[in-house]
Amino acid sequence: MNRAIFLVSIFLLSLSAPLFSTVQADETDEMGVLHTAVNPANNNTYHLLSASSWEDAASYARSLDGFLVTVDDEAENTWLFDTFASWDNQSRHLWTGLSDAGEEGSYRWHDGTPFLYRDWGEDQPSEGGDEHYVHIASTNMGNIMPGTWNDLENDPQYFPVYGVVELGPGADYALRFDGHSDHVVMDHDDGLDMTNMTHLELSAWVHPYTVEGNQFIVMKGDYGWGLYLHDDQVAFSSEYSLSQHPVSNGTVEVDAWSHIQVSVVVGEGFTFHINGVEAGVVLDEDASIPLGDFGSNDCYETGLDCDELYLARMGAGCDCNHFEGVLDNITVRAGMNSSTMEDRIHIDFPEGEGSETWDASEERMASIEGADWVMPDGSIVAQAVELFVGEDYELELAAAGDTLLFFVEVEEYTRELYWYSYSFKFDDFEEATEYTLYAQPNAIPDEWNHDTESVGEWGFVYEAWSWPEVGVLWFTMILHTDIEDLLIQLDADMADPPPTLDDMTELKESIPVTNQDVNGNSFNNDGINMNYYYVNVTEPLADLRVRTYDGQGNVDIGISYYSPPTPTFWWEEPFEEDMANGKEDSVPELETWSTGPGNEEEVHLFDLEPGLYYITAYTFRNAREFTIVADFVYPPENVDPDDAITLTPGIEYGLLSGYEGLNQYFKVEVPQGTERLVVDLNDGAGDASLYMRLDQAPTTATYEHHSTAEGANDRIAFNDPTPGWWYILLTSESAFTGVNIVAEFADRYVWDYDGTPIELYNDEPLDGISVAKSGEISFFTNLEEPGSMLWLETYGGSGDIMLYIEGQQYEIEFSDGGGRPGPGAGFETVAVDFDMMSGKEGTNHMMSVESPLNGQIDITMTGISDAEEVSIVVRWDESDFPVEPIEPIAPVEPKAVDSCTDVATEIFEDADTDGDGVLDEREIKAAEIPADELKVIDVNQDGSLEYREVLQFVCSCDNELMLVFESFALGREEVSLKALEGHPWSNDYDFSSIDINDDALIDEQEIELLIVLCETTFDAFDGDGDGVPDVDDAFPEDPTESKDTDGDGVGDNADIVASVSNDIIYASAGAMFLILAGLLLGFLRTNRSSNEPEAMWDGEDRMTEVMFGQSSGAADYQKEEVALPDMPDSTPTQDVQASTVDDVFSIGQPIKQQPPSELMGMVLDGIETIEFPTGSGEVWVRSSPDDLWLPKE
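Here our numbering runs 806 ahead of the position in the sequence shown, where the first position is 1.
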């Protein structure tokens, strides 16, 4: 009985112990520091305080210039627990700085740091009642383990809690700008007015994400004073023109913090500093501080003051030149002289949240437009929300521009992790929800640094991660529109934990395990019979290969890391087929499958680290007496050129495995007189590449010969190798295995092509092809049945080639079944023509055709440059779709085809995208016109192409013949003579002369003969064909006229007098008629008697002499000078008439007639020269178009 009373007393005493402790804590009048320690991981100082409430501890921490501790990671949490939770051999619960007292569920550290790391105890935080403050448990508290977190009320009464202070300045916030529209704007006040200021200093901490172009840090008003980056230099905005701004000599680094500063002294110059070091001085006696009242168009037209202070963009006058990166601690200092300099503004972004920020005086507020709050390391400032697999999270409301942060703990054996998010809160009058989701393990992602990026259109995002890294996966969501009721769901596909090793069979290196059975007595998983194996890899491997063979039945196998792979109905293709497309996905696989028929299976994992790897052998029925074996391929020793393996000619070396990033080097010595060197890969699977170089190790960028064909059977062969050591690089963009390499010497191989198309057979390469520059080689292949896919590939050798392939493919048209095959559904195949063209660089080209139709497919290889030792292969497989072969329809010769002019017009109009009538450099490049052809087409060599230049090229006789012949032939080998002779040709041809066999048909050989013999008579620059270029032809559309000497619009051939305008002649003739009519009238009215005719006519002769300046014998041309009688006095009118008529109709002694001044001549040696009249041999000259023509001496 006494013993029972004693035990009860001890139990009651233990319950009262916390009460005694609490009373003791409450009676402590003054708080104090019990212990101090320095964390070696971050070199920060921590103080352990005496027991108190959370608020008292927080207040005392500020008095020590610190904050209650911020726990950044697991290591710091462990150090705090080990250092303070049992200090002085007393168990102590520890206050942290974490609290959600401001807003329920929104936790924030005491120093303002965003809440990211957490280590809650089980079922915590409970958030019950007033439990807003977080402590680290020192002992077990029910299911809350020591070292984990629990939330409490401010001053718990059941046990004491001791605050831990971390000394330091607390959280430092900054703003991140996107370089497109983000900025900060502050209204003008007198403190920003720099009128009468002679000294100005601007400084800022900048972390640019790019150093290209102009990026403004700060600018006042409309083109006022400002600080910015000009590429990687610091610049000051000193006037309107950016090109006149002073810039620093020193530079800033991209993706790094730099402190930049500019000091301005009016009338003296500018001094730049970067990170406290002088970075350039610009002396300028005109140095000034622009006030920002430039009066740009935008400001003038809108009537706005445009006097605000802008951060991260140019200013009020131009919404441009935005900053991309992070800014902090922007300071503006000014004064009347150096001694009166003072801070006018200092912005260090202390808030860490919201759309407003205040300067250090707390009197000026600036609005934040779009920028993100971040920590100095660029991580966003946001409340992190933990998501849980299988639990929905609903975001009720968020605004456009918000940045949201989520995370999930990824557990071990997570095979797949899925993200779904969607919102249907919009109707016809609202915009659809849009946002972007970034994800990254163990670090907070953003738009610059992330592993995956998913764009949510119409509110929906789906993303999946295969075998995600164990730990924390972070998600950052940036909202582009307002969001309401966004539902987020995470789901996971978990792999089964591996069975115990006792339940598996270990596979040791190269030791077969025989007589294996998979049947109903094996491990069973949802009706699939399975056996489990494992391989213990103790050192790095280049390749782990597991094979099964022999026995009966059908076994499939899979291999993976983490845990035994679980088969589904959607397993991967066998290794060989999977590796054939290895270049499409170069990420190392952690799980592969082999699911072929029978027991011959093989799986590989490459580039392995030590660990356990699991194999599952399974069947849906039975597999008996098969053998399984694991083979190791260790990392090769020839990964350095100095360790290159010497190949013996004719002897294979292998078996070789490789993967992306692994280079293996070999070498072979070539003796004098070797005619041909061949390096060949054989027998392997996957994808491999070869590179060769003489006397030096090749790289994937520097080599003399290479082969990067699809698959692992690459080959390099060439004639007349230079004697010496040839180095060989074997590498891969994905992986390969089982490869043998051999170097051989062979007899010279000479490619001989007679112009006859060469037939290619399925999967049978043709090697050693040579094609000259601009030369062509024709191939064809015939498909007996419609195919599913057809691949055309060229590889190896050297030079540049282009491929062209044409033929027919089929399309499926469904009917009567809503577009789906099945009962009641119907479909038909429709033949359509196709043609494809490859690139023009190198010899490695791969082209694929879906649904090729049976029949002939034509292939043309064109030499862009001289190319040698090229290999070509075509592969196809039969269609799995029930497509009946279609009998080819012979083409019918058309009655007419486009002329070369029509074709040239179409080509030019298609290429002339801006419609300006000239192909500029951009359009020529887009049209992919080869440089050698461009030189031929560009007649005036001005770097651009006019229509007539293109027309002349297309309508040259050889191009016209080939173009028209092919249009008529439609793939046939001959065209009727009648069709060719009826075509409107631009050049002259005699087709009957080349119809050698007189069959009225012109075949390819005959047309090629004419192409050799033809001469181009077409001239695109002489439209009327009169032999005078249009540029010199006054009548470019009239073949009978080419000159208009007098400029009257009538050609010289049709002119009355070529050198005199017909208008003048007609006017002069009219005047003559009037004179003669007047004379006749006077004659009729005379009173003289008829017996004096001679006297009358004598007077008339004298009048004629006076009027025309001629003697009565003017009809007889006389060489000697004729004395003319003196001119009688006459009226001015008579003077003018006589002069005009004499100028035009003078037929006395020869007088040189001066060319009209408006008549233009040719400039020879700087002097304008003309023959006038045409054909007279009289040459006239003048030095200026404004001068009169003078006879040439």
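All C-beta atoms in this analysis are idealised placements derived from N, C-alpha and C, irrespective of residue type, glycine included.
Computed from a predicted structure; not experimentally measured.
If we ignore side chains and look at the alpha-carbon of each, how far apart do residue i and residue j end up?
i	j	result
Glu1617	Met1608	27 Å
Ala1205	Gly1262	15 Å
His994	Gln1067	22 Å
Gly1967	Glu1847	18 Å
Ala864	Glu882	19 Å
Asp957	Trp1179	28 Å
Thr1138	Val1070	Contrary to the premise, residue 1138 reads as Val rather than Thr in this sequence. Going by the C-alpha atoms only, they are around 12 Å apart.
Leu1243	Leu1292	13 Å
Glu1458	Leu1396	31 Å
Trp1264	Gly1593	39 Å
Val1393	Gly985	Because Val1393 sits at a pLDDT of 42, beneath the cut-off of 50, its placement in the model cannot be relied upon, and the following sentence gives the value as read from the coordinates. Rounded to the nearest angstrom, the two C-alpha atoms are 33 Å apart.
Gly1019	Val1040	12 Å
Ser1705	Val1770	7 Å
Asp996	Ala1238	45 Å
Gly1479	Val1548	20 Å
Pro1899	Trp1995	Because the pLDDT at Pro1899 is just 45, under 50, the model does not fix this residue reliably, and the value given afterwards should be weighed accordingly. One C-alpha to the other measures close to 48 Å.
Ser856	Val1012	42 Å
Thr902	Phe965	16 Å
Ser1963	Asp1993	7 Å
Glu1202	Ser987	27 Å
Trp1063	Asn1055	18 Å
Phe1412	Ser1400	15 Å
Glu1114	Gly1176	17 Å
Taking 6 Å as the cut-off, is the C-beta of residue i nearer than that to any heavy atom in the ligand NAP?
i	result
Ala1717	As for the ligand NAP, it is missing from this structure, which has no ligand bound.
Take residue i and list the residues in its own chain whose beta-carbon comes closer than 6 Å to its own, dropping the five residues that flank it on each side.
i	result
His853	Val839, Thr842, Val971
Asp1038	Val1017, Thr1057, Val1058
Val1484	Ala1523, Glu1550, Ala1552
Thr1587	Leu1566, Ile1663, Val1680
Ala761	Because the chain here runs from 807 to 1999, residue 761 falls outside it and cannot be looked at.
Leu765	The displayed coordinates of the chain run from 807 to 1999. Any statement about residue 765 would go beyond what the structure contains.
Phe1212	Val1191, Leu1193, Phe1281
Excluding five sequence neighbours on each side, which residues of the same chain lie with their C-beta closer than 8 Å to the C-beta of residue i?
i	result
Thr1719	Glu1729, Ala1732
Pro1247	Val1216, Asp1257, Pro1274, Glu1275, Gly1277, Val1278, Leu1279, Trp1280
Met1653	Trp1597, Leu1598, Glu1599, Leu1609, Ile1611, Met1642, Ser1644
What are the start and end residues of the alpha helix (DSSP H) that includes residue i?
i	result
Tyr1555	First-last for Tyr1555: undefined, no H or E at that position.
Ser1773	1763 to 1775
Gln963	Segment: none, Gln963 is in no alpha helix (DSSP H) and carries neither H nor E.
Asp862	860 to 869
Lys1784	1783 to 1787
Val1070	Unbroken run through Val1070 is the beta strand (DSSP E), 1064 to 1071; no alpha helix (DSSP H).
Val1818	1810 to 1819
Lys1741	1737 to 1743
Check for me: the beta strand (DSSP E) holding residue i runs from which residue to which?
i	result
Lys1026	1020 to 1026
Val1195	Where Val1195 is concerned, there is no enclosing beta strand (DSSP E), given that its DSSP letter is neither H nor E.
Ala1710	From DSSP, Ala1710 is part of no beta strand (DSSP E) but of the alpha helix (DSSP H) over 1706 to 1717.
Lys1701	Counting along the chain, Lys1701 falls outside any beta strand (DSSP E), and DSSP gives it neither H nor E.
Opposite residue i in the DSSP bridges: which residues?
i	result
Cys782	For residue 782 there is no data in the structure shown, the boundaries of the chain being 807 and 1999.
Lys1998	DSSP lists no partner for Lys1998.
Gly1359	Ala1429
Asp957	Val940
Trp901	His941, Gly969
Within its chain, find whatever has a CB closer than 7 Å to the CB of residue i; leave out the 5 residues flanking it on each side and keep chain order.
i	result
Thr889	Ala843
The stretch 877 to 891 in contact with the stretch 919 to 935 per 3-pair CB rule at 8 Å: yes
Between the stretch 1349 to 1357 and the stretch 1414 to 1433, do three or more beta carbon pairs fall short of 8 Å? yes
Validate contact between the stretch 1413 to 1425 and the stretch 1359 to 1373 using beta carbons, cut 8 Å, 3 pairs: yes
Check whether the stretch 1497 to 1516 touches the stretch 1573 to 1587, counting contact only when three or more Cβ pairs, one atom from each stretch, lie closer than 8 Å. no
I'd like to know if the stretch 1125 to 1143 and the stretch 996 to 1008 are in contact, where contact means that at least 3 CB-CB pairs between them fall below 8 Å. yes
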